[in-house]
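Protein chains in written order, with the numbering used here: chain A, 1 to 204; chain B, 1001 to 1342.
For each residue, glycine too, the CB sits at the ideal point set by N, CA and C.
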Amino acid sequence: MIDPALFDRARDRIAADGFTPDIQTKIALLLTSAKNGNLIFHGQLQWMPNLGVVQQFIISQSARELEAVTLLARTTEWSQNPTLALEANRITAPIALAWTEIMLPPGPLFNPQAAYRGLSLGHAQLARIRLLPVIPDNADPAAPFVVALNRIEQENGRMLQTQIRLLKNVGVEIPLEEREALVERDQEMVDAVFSEFLAWLAAP
Amino acid sequence: MPTVPFGPHQVHYQIVGEAGRPVITFLNGLTQNANLWAAYADHFVPRGYRVLAFDMLGQGRSSKPVIDIPLAAQADMLDHLLGELNIDKTHLASISFGGIVALDFAIRYGKRLHSLVAMSTFAELTPQLELLGAVMLQGLTDVGLPYLQSMLYPMNMSSAWIAANRERIPAMKRAGYIGNDGYAMQNLMESFVAFKPLTPDLHRIKVPTLILNGEFDFFTPRECHEVIRRHVANSRLVIVPRAYHAFTLEMPAVTMRQIEVFLDQVRVGTWQGDQSVWLASEDPAAAEPCLPVAGDWLRAVQPVARRAAPQAPKPARKPRAAKAASPTAQAIAKAPARRKAP
């Protein structure tokens, strides 16, 4: 679980400064990094042999991640400060590295372990990266960026349904304890990344 | 943050009070966490107890399994936690979802209990509860965790509490949103898919059992607690007046008083588990903590016995043709005789 004080400090910073271009850019960089990983993973997983009806769900997941990324790109008031991108890359490096490992040849298409790991990591991202608690009470609920954050988070909740179904029903050849332990490790990794991100968001 | 490993998972717990004292273990409701029992620890520790609270799997700071949380695993985990903390026996107080876990624990691990307090809970899914649970799950999965949170406040709390706390509710919802995970709530709710009624095994609960039910709890109404009362021989049902489902939060002083009196009776050996029904005092400082219920405790309103009608005065005009009795009047006329407490 993320320390609630981290959410509070990030919210207080945004309440004091508003959704500045720097703040919006930090948030957009984090979400884009995570969602691009999940998008690329699902884009390949959809061609896994013998998926049957599951294929449509996987295609939908990647389409919804694509929608989120493009929505963010269009609604974010981007900062022109390149150091933000560098720092965002550093903070999200563990997630990027994990996606890279998953996509290494032969990749999820032919490697059930990598496929399961990708589902697990995607789930951890959708479940743990939550930004509604950093939106301060004084934020304009009709501001495009705030609307986008709300929509993305609500959609994340729906996407989790598919992710849970896939985690429960695929990879059954992997022992249950091993699957749960894998999921827990990914959650801890995402929690650590997101905690550092929140501290960055709260920094002056 | 103390934790105990349980298989691949971590269980977060808090324990306060000196080692060697009698332990009271509190079990959370579905969306609750161990911190919510802090006021109870503040009350009971100075009175000579040790208080243990923990987050069940899927709650708060404990692990939130994605793939599976069998309902029975929660009681198994409590047994494991007590073992890890070298606690042989405990008093167990529980609410709502925690109440089901507590009943399961009392059935399967009864030897580890001094006593049981079951609040706002049930041993089997009534048709009403089953549909309510389905609606909650649908709200969570189709709309999201914020919707479920918004739904639970009016279901759990009184209008008076909501009016008094309206300003604080958004902050409370935000804290709940941070502390809970939608998928974990979903897994906890879906653990009821394989839920088998505990009722056939309730007779195996031998320890003193206090059942507390809010008078106006429409989430787990009286009929749910009545099942427990009827099947647990060493029990008493105490109705908390004007209380809704989450009275441990809304009326902590009244709740603590009832638990304290119960534990005292168990300790000194004056407890009488006679399946009788009582009404708690609304004043936690009242001399009598509760009084016996004389009427039909399953009814929200009590029918009044008909008296012989007084002689009607002679009408000044010719009376109109008699109307059919209203549905209410018909219901009163057909009402069964009052039930007596055993």
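Return the CA-CA distance between D1042 (chain B) and D1088 (chain B), expressed in angstroms with no decimal places. Start at 1 with the first residue of the second sequence, and residue 1042 (chain B) comes out as number 42. Start at 1 with the first residue of the second sequence, and residue 1088 (chain B) comes out as number 88. Cα to Cα, the separation comes out at about 23 Å.
Between P1154 (chain B) and I1162 (chain B), what straight-line distance do the alpha-carbon atoms span, to the nearest angstrom? Here residue 1154 (chain B) corresponds to residue number 154 of the second sequence, with the count starting at 1. Here residue 1162 (chain B) corresponds to residue number 162 of the second sequence, with the count starting at 1. Distance between P1154 (chain B) and I1162 (chain B), taken at the CA atoms: about 8 Å.
If you run the structure through DSSP and keep just helix, strand and coil, what is H1245 (chain B)? Here residue 1245 (chain B) refers to the residue found at position 245 of the second sequence. The DSSP-derived three-state label of H1245 (chain B) is coil.
- Item | Contact list for the stretch 124 to 140 of chain A against chain B, Cβ threshold 7 Å | Answer in chain order: A127, L132, P133.
How far does the beta strand (DSSP E) with V1004 (chain B) in it extend, from its first residue to its last? Locating residue 1004 (chain B) in the second sequence gives position 4, counting from the first residue. Following the DSSP letters along the chain, one finds V1004 (chain B) inside the beta strand (DSSP E) bounded by residues 1003 to 1006.
With a CB to CB cut of under 8 Å and the five nearest residues on each side skipped, what residues in its chain are close to T32 (chain A)? Taking the first residue of the first sequence as position 1, residue 32 (chain A) is located at position 32. Excluding its 5 nearest sequence neighbours in each direction, T32 (chain A) has C-beta neighbours in its own chain below 8 Å: V69, L72, A73, listed in chain order.
Item to complete: Give me the Cα-Cα distance between P1319 (chain B) and I1095 (chain B), rounded to the nearest whole angstrom.
Response: Residue mapping note: residue 1319 (chain B) aligns to position 319 of the second sequence, counting from 1. Residue mapping note: residue 1095 (chain B) aligns to position 95 of the second sequence, counting from 1. Bear in mind that the predicted position of P1319 (chain B) carries a pLDDT of just 44, short of 50, making it unreliable; the figure below should be weighed with that in mind. Using only the alpha carbons, I get a separation of about 58 Å.
Q1186 (chain B): first and last residue of the uninterrupted alpha helix (DSSP H) it sits in:
Residue numbering aside, residue 1186 (chain B) sits at position 186 when the second sequence is read from its first letter. Per DSSP, Q1186 (chain B) belongs to the alpha helix (DSSP H) from 1182 to 1190.
query: What's the gap between the Cα of L1263 (chain B) and the Cα of G1098 (chain B)?
result: Taking the first residue of the second sequence as 1, we reach residue 1263 (chain B) at position 263. Taking the first residue of the second sequence as 1, we reach residue 1098 (chain B) at position 98. Cα to Cα, L1263 (chain B) sits roughly 19 Å from G1098 (chain B).
Alpha-carbon spacing of L1279 (chain B) relative to A127 (chain A), whole angstroms:
Along the second sequence, read from residue 1 onward, the residue named residue 1279 (chain B) stands at position 279. Along the first sequence, read from residue 1 onward, the residue named residue 127 (chain A) stands at position 127. In this structure, the CA atom of L1279 (chain B) is about 44 Å from the CA atom of A127 (chain A).
Outcome for A1053 (chain B) when other beta-carbon atoms lying within 10 angstroms are tallied against a minimum of 16: Taking the second sequence and counting its residues from 1, the one referred to as residue 1053 (chain B) is at position 53. Result: buried.
### Task
Mind checking which residues open and close the alpha helix (DSSP H) that includes N1213 (chain B)?
Within the second sequence, residue 1213 (chain B) is the residue found at index 213, counting from 1. Counting along the chain, no alpha helix (DSSP H) covers N1213 (chain B); the unbroken beta strand (DSSP E) around it starts and ends at 1209 to 1214.
Output needed in chain order: residues of the stretch 101 to 117 of chain A with a Cβ under 7 Å from some Cβ in chain B.
Residues passing the 7 Å Cβ filter: none.
**Q.** Closest by C-alpha distance to Q1272 (chain B), when choosing among B:H1245, B:V1207, B:S1158, B:I1069
**A.** Locating residue 1272 (chain B) in the second sequence gives position 272, counting from the first residue. Of B:H1245, B:V1207, B:S1158, B:I1069, the residue nearest in Cα terms is B:V1207.
Exercise for review: Measure the CB-CB distance between V1101 (chain B) and L1210 (chain B) and report whether it falls below 8 Å.
Suggested key: Here residue 1101 (chain B) refers to the residue found at position 101 of the second sequence. Here residue 1210 (chain B) refers to the residue found at position 210 of the second sequence. Contact flag unset, no.
field: Neighbour list for P175 (chain A) in chain B, Cβ cutoff strictly below 8 Å
entry: Here residue 175 (chain A) corresponds to residue number 175 of the first sequence, with the count starting at 1. Ordered by position in chain B, no residue passes the 8 Å Cβ test against P175 (chain A), which lies about 10 Å from the chain.
task: Determine whether the Cβ of P1005 (chain B) lies closer than 8 Å to any Cβ atom of chain A.
output: Here the question's residue 1005 (chain B) lines up with position 5 in the second sequence. Taking Cβ atoms only, chain A never reaches closer than 8 Å to P1005 (chain B), which makes this a no.
ask   = Could you check where the alpha helix (DSSP H) with W1161 (chain B) kicks off and where it finishes?
value = Translated into positions along the second sequence, residue 1161 (chain B) becomes position 161. Looking at the DSSP string, the run of the alpha helix (DSSP H) that includes W1161 (chain B) is 1159 to 1165.
- Message: Run through chain A and tell me which residues come within less than 7 Å of R1174 (chain B), C-beta to C-beta.
- Response: Translated into the one-based positions of the second sequence, residue 1174 (chain B) becomes position 174. Residues of chain A passing the Cβ test: P133.
Quick one: which residues of the stretch 1145 to 1158 of chain B get their C-beta closer than 9 Å to a C-beta of chain A? List them in chain order.
Along the stretch 1145 to 1158 of chain B, going in chain order, the ones with a CB nearer than 9 Å to a CB of chain A are L1145, P1146.
| task | For I174 (chain A), collect the residues of the same chain with a Cβ closer than 7 Å to its Cβ; drop the 5 residues on either side in sequence, then sort them by chain order. | result | Translated into positions along the first sequence, residue 174 (chain A) becomes position 174. Same-chain partners within the cutoff: Y116.
For the alpha helix (DSSP H) containing V147 (chain A), list its first residue and its last residue.
Within the first sequence, residue 147 (chain A) is the residue found at index 147, counting from 1. 144 to 169 is the extent of the alpha helix (DSSP H) around V147 (chain A).
Discussion item. Measuring only the C-alpha atoms, how far is E1250 (chain B) from P82 (chain A)?
Written reply: Taking the first residue of the second sequence as 1, we reach residue 1250 (chain B) at position 250. Taking the first residue of the first sequence as 1, we reach residue 82 (chain A) at position 82. Their Cα atoms are separated by approximately 51 Å.
Self-check item: Boundaries (first-last residue) of the beta strand (DSSP E) holding M1119 (chain B)
Solution: As a first step, residue 1119 (chain B) must be located in the second sequence, where it is residue number 119. Looking at the DSSP string, the run of the beta strand (DSSP E) that includes M1119 (chain B) is 1113 to 1119.
Restricting to Cα atoms, I'd like to know which of B:N1234, B:A1194, B:W1297, B:G1269 is closest to P1241 (chain B). Residue numbering aside, residue 1241 (chain B) sits at position 241 when the second sequence is read from its first letter. Closest in C-alpha terms to P1241 (chain B), from the list B:N1234, B:A1194, B:W1297, B:G1269, comes B:W1297.
Task: Distance, Q163 (chain A) Cα to M1185 (chain B) Cα - done: For this step, residue 1185 (chain B) is matched to residue 185 along the second sequence. For this step, residue 163 (chain A) is matched to residue 163 along the first sequence. Taking the CA atoms as reference points, M1185 (chain B) sits about 15 Å from Q163 (chain A).
Using beta carbons (cut-off 8 Å, strictly below), is D1076 (chain B) in contact with chain A? For the purposes of this step, residue 1076 (chain B) is identified with residue 76 of the second sequence, where counting begins at 1. No, because no Cβ of chain A sits closer than 8 Å to the Cβ of D1076 (chain B).
| So, does the CB of L97 (chain A) fall closer than 8 Å to a CB anywhere in chain B? | What you label residue 97 (chain A) is simply residue 97 of the first sequence in a count that begins at 1. At a cut-off of 8 Å between beta carbons, L97 (chain A) makes no contact with chain B.
Requested in this report: Check whether the Cβ of F1097 (chain B) lies closer than 7 Å to any heavy atom of the ligand ADP, and answer yes or no.
Outcome: The model on display carries no ligand, and the ligand ADP is accordingly not part of it.
Can you confirm whether V1254 (chain B), when its beta carbon is compared against all beta carbons of chain A, has any partner nearer than 8 Å?
Sequence index remark: in the second sequence, residue 1254 (chain B) carries index 254 (1-based). Among the CB atoms of chain A, none fall inside 8 Å of the CB of V1254 (chain B).
Q: Flag this pair as yes or no: are the beta carbons of S1063 (chain B) and H1009 (chain B) separated by less than 8 Å?
A: Mapped onto the second sequence, residue 1063 (chain B) falls at position 63. Mapped onto the second sequence, residue 1009 (chain B) falls at position 9. In this structure, H1009 (chain B) lies closer than 8 Å to S1063 (chain B) by Cβ.
### Query
With 8 Å set as the bound, which would you pick, yes or no: does the beta-carbon of R165 (chain A) sit closer than that to a beta-carbon of chain B?
Within the first sequence, residue 165 (chain A) is the residue found at index 165, counting from 1. Using beta-carbon distances, R165 (chain A) does not count as an interface residue toward chain B, since no partner is under 8 Å.
inquiry  = When you compare the CB of L160 (chain A) with every CB in chain B, is at least one pair closer than 8 Å?
reply    = In the first sequence, counting from the first residue as 1, residue 160 (chain A) sits at position 160. For L160 (chain A), a Cβ of chain B is located within less than 8 Å of the residue's own Cβ.
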